[in-house]
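Read through the structure below, which is laid out as structure tokens, and then see the notes.
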Amino acid sequence: EVVSALPPAIAVELLDSIYRGTLLKVPIFRHLDEDVICRICLLMKPMTVAKGEYVFNEKDRGREMYIIREGRIQIMRYGMTIGVLHKHCFFGEDCMMAVEPGKKNYRQRTAFAIEDCELAFLRATDADKIALDYPEMLSSFQDLAAKKACVEHERLNMMINQVADELGVDPDSSVMDDVLTAVSTIA
Numbered sequence: 043e044v045v046s047a048l049p050p051a052i053a054v055e056l057l058d059s060i061y062r063g064t065l066l067k068v069p070i071f072r073h074l075d076e077d078v079i080c081r082i083c084l085l086m087k088p089m090t091v092a093k094g095e096y097v098f099n100e101k102d103r104g105r106e107m108y109i110i111r112e113g114r115i116q117i118m119r120y121g122m123t124i125g126v127l128h129k130h131c132f133f134g135e136d137c138m139m140a141v142e143p144g145k146k147n148y149r150q151r152t153a154f155a156i157e158d159c160e161l162a163f164l165r166a167t168d169a170d171k172i173a174l175d176y177p178e179m180l181s182s183f184q185d186l187a188a189k190k191a192c193v194e195h196e197r198l199n200m201m202i203n204q205v206a207d208e209l210g211v212d213p214d215s216s217v218m219d220d221v222l223t224a225v226s227t228i229a
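Going left to right, the sequence shown walks through residues 43 to 229 as this note's numbering numbers them.
The following block contains the structure:
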């Protein structure tokens with residue numbers, strides 16, 4: 043609101059100074075040219091999340107990605123922690139991908155603030171507009187989302203195998219299906 047009251051040139055300079063440093067530390071933005079970075083800076087929105095609050099929950103609809111400017115975010119899936127993210131890490135980019143007409147993007151993870159956090163977020167609708175002029179940005183999102191999904195899949199399989207081993211059951215058994223269902227309903 044304050045930024046919109048400023049003269050356009052000052053607003054551009056202010057937003058650029060606020061977000062440029064953060065964006066350049068995020069792998070999916072690092073290689074983009076100056077014009078794209080500037081456009082993204084103008085579209086970033088700030089968000090404060092208090093310790094103990096959720097940014098989003100698994101199965102929520104989503105069309106935003108987030109970058110941590112300060113604080114730490116715990117990422118969970120099926121009620122299990124799959125990672126803790128810190129300053130300059132990003133999350134939620136999987137919901138930035140365009141979906142088929144009539145379908146909605148749903149979150150596959152839960153993001154929870156384990157410290158007070160300052161985030162910046164980018165809406166998919168804004169990213170889509172930029173991607174019309176800079177399609178390399180969208181392919182960067184897709185490539186990285188695929189890589190993160192593979193790493194997450196490996197982590198989840200390791201956790202499932204560990205739990206199955208501790209229970210003395212096969213990881214593909216109906217017992218483990220029941221355990222995962224129970225854990226996901228608790229979370």
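Ideal Cβ placement from N, Cα and C applies to all residues, glycine included.
- With contacts defined as CB atoms closer than 8 Å, L85 and L164 qualify as a contacting pair.
- Counting along the chain, R72 sits inside the alpha helix (DSSP H) bounded by residues P69 to R72.
- R119 is bridged by DSSP to M122.
- The DSSP-derived three-state label of L66 is coil.
- Secondary structure remark: continuous beta strand (DSSP E) runs of at least 3 residues inside the region 82-106, in chain order: 87-91 and 96-98.
- Cβ-Cβ separation between T152 and R111: approximately 20 Å, too far for a contact (criterion under 8 Å).
- The beta carbons of Q150 and E100 sit closer together than 8 Å.
- DSSP places C192 inside the alpha helix (DSSP H), whose first and last residues are P177 to L209.
- Between Y108 and G134 a beta carbon distance of about 5 Å is seen, short of the 8 Å cut, so the two are scored as contacting.
- When the alpha-carbon of R119 is set against those of K171, V91, F154 and G210, the nearest one is in F154.
- The beta carbon of D102 is closer than 8 Å to those of Y148 and R149 in its chain, skipping five residues each way along the sequence.
- Between the region 113-128 and the region 166-176, the count of Cβ pairs shorter than 8 Å is below three; the stretches do not touch.
- Inter-residue distance for I60 and C83 is about 8 Å (C-alpha atoms, whole angstroms).
- Taking 8 Å as the cut-off, the beta carbon of A224 is found no closer than this to the beta carbon of P213.
- The beta carbon of P69 sits closer than 7 Å to those of L186, all from its chain and outside the five residues before and after it, given in chain order.
- Per DSSP, the beta-bridge partners of I110 are L161.
- Counting the other Cβ atoms within 10 Å of the Cβ of C137 gives 16 or more, which makes it buried.
- Ranked by Cα distance from E55, the options I79, I124, H128 and Q204 are led by I79.
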